[in-house]
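Chains as they are written, first to last, in this note's numbering: chain W, 5 to 119; chain R, 80 to 194.
One structure below.
Shown next as structure tokens:
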């Protein structure tokens, strides 16, 4: 079974629109971490944020914000006032205490911001 | 400082040939990971090193795949008798400790094409 599901394969928005990327995860561990990575056309995966399973506080960093809800096993990522430079593939990932070294990645959401 | 370096960036080989892919992690990072990313998919775990030893090789698809990290720094992923299905981007990542809360730092990957 897929441990991390990103149901949105591709999203297109017009510049300055807000966009939310969905991530649903599955785990039986009580201790786990969730991550978001950005993969621009250049190919290198860039770490954006980490969240642990005991901290459900939402986080904001500039135009980026993350909503972690354990009740729905979701860790969604919102970009406010999107810019062309936000165009990339975004991956959600999970690491668990019991399988520590295997980070599980979703299939990614390709975001295109149209100028 | 220098990030994770992977060479070559592109490799084209004929079916049945042997290939070696190299990864130079961030200096001081004890944990090193190999992932494989097929088109339109997220990275899939192959193998994890802690120091010189392969702590988890459960993701290697078959015995044609092998990886080493003899001095606890540079790693080489080796693929014997390559098949067309091995075509993918092979990603290397490192982290300071390998703990589940430690984000992975990725290289740009090696795009392997088997003809």
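For every residue, glycine included, the Cβ atom is placed at its ideal position computed from N, Cα and C.
None of the values given here were measured: they were computed from a predicted structure.
Is it buried or exposed for residue 16(W), if we count other Cβ within 10 angstroms and need 16 for buried?
-> The count along the first chain starts at 1 and reaches residue 16(W) at position 12. Answer is exposed; the Cβ neighbour count stays below 16.
How about residue 98(R) and residue 161(R): are their beta carbons less than 8 Å apart?
-> Counting from 1 along the second chain, the entry for residue 98(R) is found at position 19. Counting from 1 along the second chain, the entry for residue 161(R) is found at position 82. Contact: yes.
Go ahead and pull the three-state DSSP assignment for residue 163(R).
-> For this step, residue 163(R) is matched to residue 84 along the second chain. Of the three classes helix, strand and coil, the one that applies to residue 163(R) here is helix, per DSSP.
Starting from residue 191(R), trace the beta strand (DSSP E) both ways and give me its first and last residue.
-> Counting from 1 along the second chain, the entry for residue 191(R) is found at position 112. It spans 189-193 - the beta strand (DSSP E) in which residue 191(R) sits, taken as one unbroken run.
With 16 other Cβ atoms within 10 Å as the buried cut-off, status of residue 85(R) = What you label residue 85(R) is simply residue 6 of the second chain in a count that begins at 1. Buried, since its Cβ has 16 or more Cβ neighbours within 10 Å.
Which residues share a DSSP beta bridge with residue 63(W)?
-> Numbered from 1 along the first chain, position 59 holds the residue referred to as residue 63(W). Looking at the DSSP assignment, residue 63(W) forms a beta bridge with 70(W).
Secondary structure at residue 76(W), three-state DSSP: helix, strand or coil?
-> One-based indexing of the first chain puts residue 76(W) at position 72. If DSSP states are grouped into helix, strand and coil, residue 76(W) belongs with the helices.
Decide yes or no for the touch test of the segment 136-152 of chain R against the segment 169-186 of chain R: beta carbon pairs closer than 8 Å, at least 3 of them.
-> no
CB of residue 50(R) within 8 Å of CB of residue 191(R), strictly | In the structure displayed, chain R extends from 80 to 194; residue 50(R) sits before or after that span and is not available.
Should the segment 95-106 of chain W be regarded as contacting the segment 121-138 of chain R, the criterion being three or more beta carbon pairs within less than 8 Å?
-> yes
Could you work out which residue in 119(R), 142(R) and 130(R) is closest to residue 150(R) when comparing CA atoms only?
-> Taking the first residue of the second chain as 1, we reach residue 150(R) at position 71. The candidate whose alpha carbon is nearest that of residue 150(R) is 130(R).
Taking only the alpha-carbon atoms, compute the straight-line gap between residue 96(W) and residue 81(W) and give it to the nearest angstrom.
-> Translated into positions along the first chain, residue 96(W) becomes position 92. Translated into positions along the first chain, residue 81(W) becomes position 77. Taking the straight line from one Cα to the other gives about 9 Å.
Chain W residues whose Cβ lies nearer than 9 Å to that of residue 141(R) | Counted from its first residue, the second chain places residue 141(R) at position 62. Here the premise fails: no neighbours, minimum Cβ distance about 18 Å.
For residue 89(R), go through chain W and note every residue whose CB falls closer than 9 Å to its CB, in chain order.
-> Residue mapping note: residue 89(R) aligns to position 10 of the second chain, counting from 1. Correct list: empty, because the minimum Cβ distance to chain W is about 11 Å.
Three-state secondary structure assigned by DSSP to residue 88(W) | Here residue 88(W) is taken as the residue at index 84 of the first chain, counted from 1. In this structure, residue 88(W) counts as helix in the three-state DSSP scheme.
Bridge partners - residue 183(R), DSSP secondary structure assignment | As a position in the second chain, residue 183(R) is number 104, starting the count at 1. Partner(s): none; residue 183(R) has no beta bridge.
Using the C-alpha atoms, what's the distance from residue 13(W) back to residue 119(R)?
-> Translated into positions along the second chain, residue 119(R) becomes position 40. Translated into positions along the first chain, residue 13(W) becomes position 9. Whole-angstrom Cα-Cα distance: 9 Å.
By Cβ distance below 8 Å, which residues in the same chain neighbour residue 153(R) in space, the five residues on each side in sequence not counted?
-> Locating residue 153(R) in the second chain gives position 74, counting from the first residue. For residue 153(R), where only same-chain residues beyond five positions count, the Cβ hits under 8 Å are 101, 102, 103 and 104.
Identify whether residue 116(R) lies in helix, strand or coil by the three-state DSSP scheme.
-> Translated into positions along the second chain, residue 116(R) becomes position 37. Note: residue 116(R) maps to strand in three-state DSSP.
Please classify residue 172(R): is it buried, with 16 or more other beta-carbons within 10 angstroms of its beta-carbon, or exposed?
-> Indexing the second chain from 1 puts residue 172(R) at position 93. Buried.
Of all the CB atoms in chain R, is at least one closer than 8 Å to the CB of residue 48(W)?
-> Indexing the first chain from 1 puts residue 48(W) at position 44. It does: the Cβ of residue 48(W) has a partner Cβ on chain R nearer than 8 Å.
Return the CA-CA distance between residue 159(R) and residue 167(R), expressed in angstroms with no decimal places.
-> Within the second chain, numbered from 1, the residue matching residue 159(R) stands at position 80. Within the second chain, numbered from 1, the residue matching residue 167(R) stands at position 88. Looking at the two C-alpha atoms, the distance is approximately 15 Å.
Does any C-beta atom of chain R lie closer than 8 Å to the C-beta of residue 68(W)?
-> Position 64 of the first chain, counting from 1, holds the residue named residue 68(W). No - not a single Cβ of chain R is within 8 Å of the one on residue 68(W).
For a contact meaning CB atoms closer than 9 Å, what does residue 124(R) contact in chain W?
-> Here residue 124(R) refers to the residue found at position 45 when the second chain is read from its first residue. Going along chain W in sequence order, the residues near residue 124(R) (Cβ under 9 Å) are 105, 106, 107, 108 and 109.
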